[in-house]
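Numbering (our numbering), first residue to last: 234 to 499. Think of the CB as a built atom: it goes at the ideal place given N, C-alpha and C, for glycine as much as any other residue. This structure is a prediction, so every number in the text was calculated from the model and none was measured. Scroll down for the structure; my scribbles are underneath it.
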């Protein structure tokens, strides 16, 4: 069991070194002809992961005692030291997006805000038709082009994946679901080693418990029905925390109840 956990821990340490606690926001602003703009925000906070990695490394050394302030400070200092020594840089976010734009979608702006233990990337797109957004791909590779460093790429490849639009003579219905990057990290951990034991799975869940995801849709139409969490003016907002995301993952019915859904009158 200890050897298995050691293999898992090593795999998770490698994954945690390139991921963090996520804050994700997708927002769409529609015009009457269903053209408009869309924003994708991806924030990664490494600080919780640094604590988790420190705990795992301490336990791998046979010490099960709680982390001290000194342990955490040392882990943060070591993280900064490694970041400073690293000669690799993140993939250019503009390059990540521009290589995977479908017809009818343009990249308007990209900004990257680097913090002490994290980074926030914002991308803004313009689209001719709402349905075109589903084709936006990040990290797209051109034919014949070598693979980039996977640890420097966005953890979400398709920011508007699952977006569905249905029109009738009098209504427009939009459906989608929030993407949970933690599920991708868990899947990669499963591929990298044996099945997660309960202790390791708890550590992983603790690492992601502060994750926040939001979807926002602003439209010049009357709302017929919606399951939005709240509303600000013409903007409908759907908010998801870790517990809500777990319910979504566990039940297909939860997707109907908790996934993004709105019907507008034209």
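Checklist entry - Using CA coordinates, which residue listed in 407, 403, 399 and 391 is at the minimum distance from residue 414? => result When only C-alpha atoms are compared, the closest one is 391.
Checklist entry - Between which two residues does the alpha helix (DSSP H) containing residue 284 stretch? => result Segment 280–293, the alpha helix (DSSP H) holding residue 284.
Item to check | Identified DSSP bridge partners for residue 189 | outcome: This structure cannot speak to residue 189, because the chain is shown only from 234 to 499.
Checklist entry - Taking just the CA atoms, how far does residue 311 sit from residue 320? => result Caution is warranted here: a pLDDT of 45 is assigned to residue 320, below 50, making its placement in the model unreliable, and the coordinate value is therefore given only provisionally. So the two alpha carbons sit approximately 16 angstroms from each other.
Next on the checklist: Under DSSP, the beta strand (DSSP E) around residue 259 begins and ends at which residues?
Outcome noted: Taken as a continuous stretch (DSSP letters only), the beta strand (DSSP E) holding residue 259 covers 254–263.
Checklist entry - Is it the case that the Cβ atoms of residue 341 and residue 359 are separated by a distance below 8 angstroms? => result Their beta carbons are under 8 angstroms apart, which means residue 341 touches residue 359 by this criterion.
Checklist entry - Would you call the stretch 455–471 and the stretch 275–293 touching, i.e. three or more CB-CB distances under 8 angstroms? => result Touching, no, given that fewer than three Cβ pairs across the two stretches are closer than 8 angstroms.
Checklist entry - Per the contact definition of three or more C-beta pairs closer than 8 angstroms, is the stretch 264–274 in contact with the stretch 292–311? => result Because the criterion of three Cβ pairs below 8 angstroms is not met, the stretch 292–311 and the stretch 264–274 do not touch.
Checklist entry - From residue 462 to residue 410, what distance separates their C-alpha atoms? => result Each residue's Cα considered, the two are about 14 angstroms apart.
Checklist entry - By DSSP, does residue 277 sit in helix, in strand, or in coil? => result Reduced to three states, the DSSP call for residue 277 is strand.
Checklist entry - Buried or exposed: residue 449, going by 16 or more other Cβ atoms within 10 Å of its Cβ? => result Buried, because 16 or more other Cβ atoms sit within 10 Å of the Cβ of residue 449.
Checklist entry - My guess is that residue 254 and residue 438 are in contact by the Cβ rule of under 8 angstroms, so how many angstroms apart are they, rounded? => result About 12 angstroms separates the Cβ atoms of residue 254 and residue 438, ruling out a contact at the 8 angstroms cut-off.
Checklist entry - Tell me, which residues are paired with residue 359 by DSSP? => result In the DSSP output, where bridge partners are listed per residue, residue 359 has 270 and 339.
Checklist entry - Using DSSP with H/G/I as helix, E/B as strand and the rest coil, what is residue 389? => result It is coil, neither helix nor strand.
Next on the checklist: Within the continuous alpha helix (DSSP H) that includes residue 487, where are the two ends?
Outcome noted: From DSSP, the alpha helix (DSSP H) with residue 487 extends over 485–491.
Checklist entry - From residue 416 to residue 398, what distance separates their C-alpha atoms? => result Cα to Cα, residue 416 sits roughly 25 angstroms from residue 398.
Item to check | Through-space distance from residue 309 to residue 293, alpha-carbon basis | outcome: Rounded to whole angstroms, residue 293 and residue 309 show a C-alpha spacing of 18 angstroms.
Next on the checklist: Less than 6 angstroms between C-beta atoms, sequence neighbours within five positions excluded: which residues of the same chain meet that for residue 451?
Outcome noted: Counting only Cβ-Cβ distances below 6 angstroms, and skipping sequence neighbours, we find 262, 467 and 468.
Checklist entry - Within 10 angstroms of its Cβ, does residue 372 collect 16 or more other Cβ (buried), or is it exposed? => result It counts as buried.
Checklist entry - Between the beta-carbon of residue 356 and the beta-carbon of residue 343, is there less than 8 angstroms? => result Yes.
Next on the checklist: As a quick exercise: from 267, 487 and 478, pick the residue whose alpha carbon is nearest that of residue 441.
Outcome noted: Comparing Cα-Cα distances from residue 441 to each of 267, 487 and 478, the minimum goes to 478.
Item to check | C-beta contact flag for residue 350 and residue 283 at 8 angstroms | outcome: In contact: residue 350 and residue 283 (Cβ atoms closer than 8 angstroms).
Checklist entry - Based on Cα-Cα distance, which residue from 480, 404, 289 and 285 lies nearest to residue 456? => result Looking only at 480, 404, 289 and 285, the smallest Cα-Cα distance to residue 456 is reached by 404.
Next on the checklist: Quick check on residue 369: does DSSP put it in helix, strand or coil?
Outcome noted: In the structure shown, residue 369 adopts coil according to DSSP, grouped into three states.
Next on the checklist: What would DSSP say about residue 452, mapped onto helix, strand or coil?
Outcome noted: DSSP places residue 452 outside both helix and strand once states are collapsed to three, so it counts as coil.
Next on the checklist: Buried or exposed, going by whether 16 or more other CB atoms sit within 10 Å of the CB of residue 295?
Outcome noted: By the 16-neighbour rule on beta-carbons within 10 angstroms, residue 295 is exposed.
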